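Below is one structure; the comments refer to it alone.
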DNA sequence: CACTCTACCTGTGCGC
DNA sequence: TGCGCACAGGTAGAGT
């Protein structure tokens with residue numbers, strides 16, 4: 066399940082690992098599933114993209130934002146934005162490997178490679194917009210780079226259960242179900258606790274845990290969870306470990322539901338009080 | 001505003 | 001073996 070660290074890993078691969086995406090022109094666009102294009106005018110999508118060149122890539126939360134330019138007169142720019150949601154994958158392949166069972170979109174490039182978007186569940190979305198704000202303006206600050214001051218200010222403006230708040234992309238962008246559980250475990254905070262009941266010390270630990278967990282996961286190239294997401298090296302402490310022993314205190318990790326989401330807790334390290 | 005539920009979608013893994 | 005079903009998860013939108 067791609068969350069912020071996994072999306073960052075995709076970004077770094079496309080941007081830094083040869084053959085890289087920036088500088089490549091799109092020769093042809095193949096839409097295999099209309100529903101992944103977040104625009105009622107799916108027909109326009111290929112027409113507008115063909116001939117455009119990948120310029121740069123940035124990430125905000127779980128969204129990848131590709132700046133595209135059309136060389137020549139006017140030098141117009143636009144933005145391709147991709148959200149992988151649950152099961153989306155994005156990678157460069159040779160032309161001849163450009164379509165498989167769950168391939169939804171293929172961007173044929175000018176160097177015999179293709180940028181391929183696969184997504185078994187068709188949850189992922191692709192936008193083509195003139196202004197990235199059209200898609201990402203509702204997001205809060207990026208969870209990896211938010212400053213402690215902003216973190217403290219924002220958290221005190223809500224009165225909500227802390228886990229659903231961490232998952233709310235308008236509060237902080239990038240945290241999903243796996244890292245929310247990991248962050249709350251590291252901070253020693255119960256997921257059902259209300260944000261307004263957190264002490265200044267709780268908030269400091271939460272802020273630090275958010276930065277530390279996400280930074281470590283990014284450096285590890287994402288999570289490594291049996292059968293779920295196995296490319297990275299980040300090892301989870303509580304997610305999916307119900308019935309196993311807590312690595313800090315040895316108690317049994319339990320699974321509860323918080324805001325309809327499976328939630329993993331060490332009842333000793335994360336007291337509800 | 002806080003929260004809950006549903007829809008979207010399909011592969012997996014369980015119980016019968 | 002095979003069937004049916006609950007479940008997983010991110011987000012939007014509707015409802016309480």
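Numbering (our numbering), first residue to last: 66 to 338. C-beta atoms are modelled at their ideal positions from N, C-alpha and C, and glycine is treated no differently. Source: prediction; values computed, not measured.
Whose C-alpha, out of the options, is nearest the C-alpha of residue i?
i           : options               : result
residue 349 : 82, 186 and 260       : As displayed, the chain neither begins before 66 nor continues past 338, which places residue 349 out of reach and without an answer.
residue 149 : 126, 158, 134 and 132 : 126
residue 318 : 70, 329 and 325       : 329
residue 96  : 79, 162, 168 and 255  : 168
residue 131 : 141, 120 and 140      : 120
residue 324 : 210, 257 and 163      : 257
residue 152 : 322, 72 and 332       : 72
residue 179 : 335, 245 and 164      : 164
residue 161 : 176, 321 and 147      : 176
residue 270 : 134, 217 and 190      : 217
residue 101 : 147, 137 and 290      : 147
Roughly how far, in whole angstroms, is the beta-carbon of residue i from the beta-carbon of residue j, given that I think they are within contact range, below 8 Å?
i           : j           : result
residue 145 : residue 193 : 6 Å
residue 302 : residue 312 : 6 Å
residue 250 : residue 331 : 6 Å
residue 206 : residue 245 : About 16 Å separates the two Cβ atoms, so there is no contact after all.
residue 174 : residue 89  : 4 Å
Let me check you understand the geometry: is the CB of residue i closer than 7 Å to at least one non-hydrogen atom of the ligand FMN?
i           : result
residue 278 : Within the structure as shown, the ligand FMN is missing, as the structure has no ligands at all.
Give every residue of the same chain whose Cβ lies closer than 6 Å to the Cβ of residue i, excluding the five residues on either side of it in the sequence, and list them in chain order.
i           : result
residue 248 : 274, 275 and 278
Identify, in the order they occur along the chain, each residue of the same chain with its Cβ nearer than 7 Å to the Cβ of residue i, setting aside the five sequence neighbours on each side.
i           : result
residue 296 : 286 and 287
residue 142 : 132, 133 and 134
residue 156 : 181
Cutting at 8 Å between CB atoms, please list the residues of its own chain near residue i, excluding the five before and the five after it.
i           : result
residue 334 : 250, 253, 311, 313, 314 and 316
residue 292 : For residue 292, the pLDDT reaches just 48, beneath the cut-off of 50, and the residue's location in the model is therefore unreliable, although a value from the coordinates is still provided. Around residue 292: no qualifying Cβ.
Legend entry - Inside the segment 156 to 212 only - alpha helix (DSSP H) runs reaching at least 4 residues: 198 to 201
Inset, instruction - Evaluate the contact criterion for the segment 106 to 118 versus the segment 195 to 205: three or more CB pairs, one atom per stretch, below 8 Å. - result: no
Legend entry - Contiguous beta strand (DSSP E) assignments of at least 3 residues, all confined to the segment 85 to 119: 91 to 96
Legend entry - Start-end ranges of the alpha helix (DSSP H) lying completely within the segment 262 to 309, minimum 4 residues: 265 to 284
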